[in-house]
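Novice:
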Amino acid sequence: MAEKLGFYFDQTLCTGCKACSVACKDKHDHAVGISWRRVAEYAGGTWQQDGDTVVPNVFSYYTSIACNHCEDPICVRVCPTTAMSQGEDGIVTIDQTKCVGCRYCEWACPYSAPQLNAATGHMTKCDMCADYRAEGQDPACVAACPSRALGWGPIDELRAKHGTLAAVEPLPDPAITRPRLVITPHRDAQPTGSGTGFVANPGEL
Amino acid sequence: MTAATTEKPPTSGIPRRSFLKWSGIAGGGVALVGTGAAFGLLPGVGPANAVTSTVAGSTDEKTVWNACLVNCGSRCALRLHVKDGSLVRVDTDTTGSQDLDGPQLRACVRGRSFRRRVYNPDRLKTPMRRKPGTKRGAGEWEQISWDEALGTIASELKRVIADYGNEAVYYQYGSGVTGGNITNTAWTRLLSTLGGYLGMYGSYSTSQISFAMPFMYGERIESNSIGDTVHSKLVVYWGDNPVETRMSGGGNMWNAQKSNKDFKTRTIVIDPRYSETALDLADQWIPIRPGTDAALVAAIAHVLISEDMVDQQFLDTYCVGYDEEHLPAGIPAGSSYKSYILGTGPDGVAKAPDWASPITGIPVDVILGLAHEIGTAKPCAIMQGWGLQRQANGENNCRAVMMLPILTGNVGIHGGGNGSREGTIRFPLARFSIDNPIKTKISCFMWTDAIARGAEMTDIADGVQGKKKLDVPIKLIINVAGNTLVNQHSDANRTTKLLEDDSLCELIVVVDNHLTASARYADILLPGTTNAEEVDFIASEYSGDTAYAIIADQAIAPLFEARSHYDMCAALAAKMGVEEKFTEGRTQEEWRSELIRKTSASVPGIYTEEEFHDKGVFRVSNPDGTFVASKAFRDDPVKNPLKTPSGKIEIFSERLWKMAATWTFGDTKGDVITALPEYVATWEGAEEAKTNDKYPLQVIGHHFKGRTHSSYGSVDWLQEAHPQVVWMNTKDAEDRGIVNDDVVHVFNDRGRIELPARVTPRIMPGVLSVPQGAWYSPDAKGVDTGGCINTLTTWHPSPLSKGNPQHTNLVQIEKA
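Residue numbers (this note's numbering), protein chains in the order written: chain A, 1 to 205; chain B, 1001 to 1816.
1. Helix, strand or coil: how does DSSP classify D188/A here?
2. Could you give the residue range of the beta strand (DSSP E) that holds V32/A?
3. What does a CB cutoff of less than 7 Å around G1218/B pick up in its chain, not counting 5 residues either side in sequence?
4. Can you name the residues of chain A whose CB is closer than 9 Å to the CB of M1764/B?
5. Taking only beta-carbon atoms, is C102/A less than 7 Å away from chain B?
6. Work out the CA separation of D127/A and D138/A for me, nearest whole Å.
7. Hey, I1288/B and G1361/B are a contact pair by Cβ (cut 8 Å); roughly how many whole angstroms apart?
8. Would you verify that the beta carbon of Q1698/B is, or is not, closer than 7 Å to some beta carbon of chain A?
9. What does Y61/A touch in chain B if you count any residue whose Cβ is under 7 Å from its own?
10. Is S1827/B helix, strand or coil by DSSP?
11. Within 10 angstroms of the Cβ of Q48/A, are there 16 or more other Cβ atoms? Answer buried if so, exposed if not.
12. Three-state secondary structure (DSSP) at A134/A?
13. How about the region 1064–1076 of chain B and the region 1105–1123 of chain B: do they share at least three Cβ pairs that are nearer than 8 Å?
14. Along the alpha helix (DSSP H) that carries Y1566/B, what are the first and last residues, could you check?
15. How about S1543/B and G1251/B: are their beta carbons less than 7 Å apart?
16. Quick check: what's the CA-CA separation for P1723/B versus E204/A?
17. Counting only runs of 3+ residues fully inside the region 1170–1228 of chain B, write out the beta strand (DSSP E) ranges in chain order.
18. Please state whether DSSP places F1537/B in a helix, a strand or coil.
19. Should D1671/B go down as buried or exposed, given a rule of 16 or more other Cβ atoms within 10 Å for buried?
20. So, helix, strand or coil for P56/A, using DSSP?
21. Report the residue from A1629/B, G1239/B, P1677/B whose alpha carbon sits nearest the alpha carbon of D1271/B.
22. Does the distance from the CB of D1624/B to the CB of T1183/B come in under 7 Å?
23. Only counting the same chain, and skipping five residues up and downstream in sequence, which positions put a Cβ closer than 8 Å to that of A200/A?
24. Strictly under 7 Å for the Cβ-Cβ distance: is C1068/B near chain A by that measure?
25. Considering only residues of the same chain and omitting the five flanking positions on each side of T1440/B, which have a CB-CB separation below 8 Å?
26. Hey, is E1754/B's beta-carbon within less than 7 Å of any beta-carbon in chain A?
27. Which ranges would you report for the beta strand (DSSP E) in the region 1247–1275 of chain B if only whole runs of at least 3 residues count?
28. For N1513/B, count neighbouring Cβ atoms within 10 angstroms of its own Cβ and tell me buried if that reaches 16, exposed if not.
29. Mark I1460/B as exposed unless 16 or more other C-beta atoms lie within 10 angstroms of its C-beta, in which case mark it buried.
30. For G1102/B, which of S1621/B, T1265/B, M1446/B, T1376/B has the nearest alpha-carbon?
31. At 8 Å on the CB atoms, spell out the chain B contacts of K98/A, in chain order.
32. Rounded to whole angstroms, what's the CA-CA distance from A1629/B to G1423/B? Just pull it up for me.
33. Can you pull the chain B residues whose beta carbon is under 7 Å from the beta carbon of V182/A, in chain order?
34. Are the region 1258–1276 of chain B and the region 1227–1236 of chain B touching, with three or more C-beta to C-beta distances below 8 Å?
35. Looking at G1803/B: is its Cβ nearer than 7 Å to the Cβ of S1207/B?
36. Checking contacts by CB at 7 Å: is T15/A closer than that to chain B?
In structure tokens form, the structure reads like this:
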């Protein structure tokens, strides 16, 4: 059986610059409105004010997220046309000849990874740059990151090296789809479901 | 270009993205703030005229090296993928290491969007002139030929030089191709061959520190490199934000992250914002009221002196003016730094933490803790950013911060530094530029004054250099690859009014790729090529302990009628009879070969031009390991004196002492020159904010990830990734009933901008930040819907350098 592939994300290094997202758009020639990789800013905390002085007790960090090529890909399960399928390497792809653009996958995916191309009427999604990988290159987002915060590879190897954490706010509970994603958490990372902060940039997602 | 790149954004249907499943979504999406050009009368510009390739049917497929040339302080390599004459993909450096030495020059988000900058609906396509009889800036244009455009410029240059002299010609500050070599200096080379032009000193980035630091050190000297912090016990980023302002994956962001990750040195960030440097690297974040840095320094100094943590031997050996025993002869008693700090000087105020606390907004115990850490960490690296000097009396702020390494003896040693900005080694690249024969200069910020009242401007009132006073006002402006004519200068509403009057400045030539806010005020508008359409030879900038050269090869033919700066200047030179002097008989490509040849004479082992085409980037590592500022002076101050009059660090500057007595100022609060780096309360400063009921909020303009200044400001991918917003603290928002993503107005007596609010705990209460560089776009009511910070800033210069105080502003904010 082929090794299943996943992404690694070092949250301690992410600056929210979105070079990953734009490199992906450039590689796949996407217009505004389609971003296979997006970056959420999560922030929270309080300020103490005492007269003229203030003391912050605040936090913020970023999460760069694409399709996680999940162990239980809900997009594949809900697709009414069987356009969505998972390969032996775990990569989830869309058969454009079958997709009718109903967007059920987009709605069902807790990461909203599949996205509609309004021009073609079909769904689109990350394939971890299959063409690049076939040529021995890293996926565009991974190669782009100025901070070297992204990685990819066989998920078993990534987990052996970096642990198994994927449950960081504002990401959903990994139990839903079992994402092939490993995160080295930011020092202020909040556990999924803790609700201690808020997504500061909802309009950018 | 391929069909897909002109694809319109999907407009049908509401996204069904299920982010509501994510925790913490407070509201729905927000529309992008439109900054596109709404100037329908301009032929050929606008979304309806989206760019297509000029080369059809060819089958070439290639990848060439190039570089991003904008003024971020980094310099990234780009790999341009070309198919059928069109750019189809923009990659970045594929060479180099993943380490501090010789890193891969991974382009940031802006460089990665380069294709949309080249193929942009705002691209200027043909030369144009302002329609005769219409007001400058009205947006009515006529397409003209290159021959006519250059003919007009030639005759106007001749006329203005004959009528007013060369000092009436001004080459405007601009940095859109600052990383360029031939392309960045073609126009100044041409103007110099014509007898020169009114010069400028300073820059919109560093006016105050560039002017002030030489009074202390004899010249502006950058601090140790970030890589040198591997030797430090404490790192303080004081208003310094390399992770956000120098985002290259081979520049200072990378150096800061990598050294922090590998060595985990304790790091403190002082900034009104929880910047990305704070978010990524800080063990402690200390928010400070903008413009009060000198007060915090004074309080730290008070603790260091009171608790005997100063390096007295260093101060005695290397410095002038620390204590009464080391004042220059003839200076009154009580004028030393120590007297100022302890309150035994003329003001009689001890600068203890309880004095600084209400000014800076920092509690006494935090100041004490910071002072103890700086006083005991040996060695300690303090690096200051340039935001705190871009203030009403920023000259004193930046000099003040440089006092801390002096007091603690951290200057000139590994792991320490001089408290200026992080340093770098430079690549000795041969340059295309030649010197301006005219030596009269104004501050880069004073050109609006020089248009309005040039002949009144003097040395002691306005900072004119090279002459006691200007003889003539500015009558002709050449503005190349820059947006300072409107967007990046202060008080855009006032500036555009000035420019509208063509009896003052009689001709404005703008050369650019895009229809910027500045381009709208041109009389003659020339379409320049992007760097994808020409060749050049590029040097690294603030890269730390690796310096490098990048070859820039032409990827595609010039779009439409665009011409390179070199070619247009060569054609103009021919019209003015100086072609041979300008070109020396070479084409742009031949000049590049010449510059590579000249460079190779001083850089052993550098690639041949042939090798450069293939390998792209040639790197040189710092032979000393990591850069230490003023090491020779520290090692032997007698043999290697500084360039100050005393040869030492002048904490008390006798030159400033004299200037304080001779330079003239109005009665504006804060307009003073002090011999010591004192804290000065200023107009529209933190203290005034407390009593200003109308405009109680300070607003600064941080550098933004989606733009470099205003460059890349019209790129749709970047507007999507980094929409323009104003940062405001949660409490200030609650007080005004504002929630995240509400559209708000930020305003003062100078103007009003409209943009969404980013309600966030990441900025201190009482302070707003409007990311600088958004394109000024006033609507019919005069509301700037582009959200340009400079709609709110002022022409009033800082006192010593006559520089731009663009982070000193008081405003109010309300829901739109």
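The beta carbon of each residue, even a glycine, is placed where N, CA and C say it ideally should be.
Please read these numbers as outputs of a predicted model, since none were measured by experiment.
Specialist: Quick answer:
1. When DSSP states are grouped into helix, strand and coil, D188/A belongs to the coil group.
2. Neither: V32/A is in no beta strand (DSSP E) and is coded neither H nor E.
3. Counting only residues of its own chain and dropping the five nearest sequence neighbours on each side, G1218/B has a CB closer than 7 Å to the CB of L1642, K1643, T1644.
4. Under the 9 Å cutoff, chain A gives W47, V54, P56.
5. With 7 Å as the cut-off, C102/A does not count as an interface residue toward chain B.
6. Distance between the alpha carbons of D138/A and D127/A is about 12 Å.
7. With a Cβ gap of about 6 Å, I1288/B and G1361/B count as contacting.
8. No, Q1698/B lies away from the interface with chain A (no Cβ there is under 7 Å from its Cβ).
9. Residues of chain B whose Cβ lies closer than 7 Å to the Cβ of Y61/A are, in chain order, L1279.
10. Outside the displayed range of chain B (1001 to 1816) lies residue 1827/B, so it cannot be described from this structure.
11. Label assigned to Q48/A: exposed.
12. Three-state DSSP puts A134/A in a helix.
13. Pairwise C-beta distances place the region 1064–1076 of chain B in contact with the region 1105–1123 of chain B, as three or more of them are shorter than 8 Å.
14. Note, Y1566/B: alpha helix (DSSP H), 1565–1575.
15. Yes. Within cutoff.
16. Straight-line Cα distance between these residues: approximately 8 Å.
17. Complete beta strand (DSSP E) runs here, min 3: 1199–1201.
18. Under the three-state reduction of DSSP, F1537/B is assigned to strand.
19. So D1671/B ends up on the buried side.
20. Three-state DSSP puts P56/A in a strand.
21. The residue with the shortest Cα to Cα distance from D1271/B is G1239/B.
22. Against a cut-off of 7 Å, the Cβ pair of T1183/B and D1624/B comes out as no contact.
23. So the list reads E41, Y42, A43, S60, once near-sequence residues are dropped.
24. At least 7 Å separates the CB of C1068/B from every CB of chain A.
25. Counting only Cβ-Cβ distances below 8 Å, and skipping sequence neighbours, we find E1167, L1198, G1199, V1464, Q1465, G1466, K1467, L1470.
26. It does not; no Cβ of chain A falls within 7 Å.
27. Whole beta strand (DSSP E) segments, 3+ residues: 1266–1270.
28. Around the CB of N1513/B, 16 or more other CB atoms lie within 10 Å, so the residue is classed as buried.
29. Taking all protein chains shown into account, I1460/B has fewer than 16 neighbouring C-beta atoms within 10 Å of its C-beta and is therefore exposed.
30. Minimum Cα distance to G1102/B is reached at S1621/B.
31. Listed along chain B, no residue sits closer than 8 Å to K98/A by beta-carbon distance, the nearest being about 19 Å off.
32. Answer to the nearest angstrom: the Cα atoms are 8 Å apart.
33. Correct list: empty, because the minimum Cβ distance to chain B is about 18 Å.
34. The region 1258–1276 of chain B vs the region 1227–1236 of chain B: in contact.
35. Yes, these two residues count as a Cβ contact at 7 Å.
36. Look at T15/A: its C-beta is under 7 Å from a C-beta on chain B.
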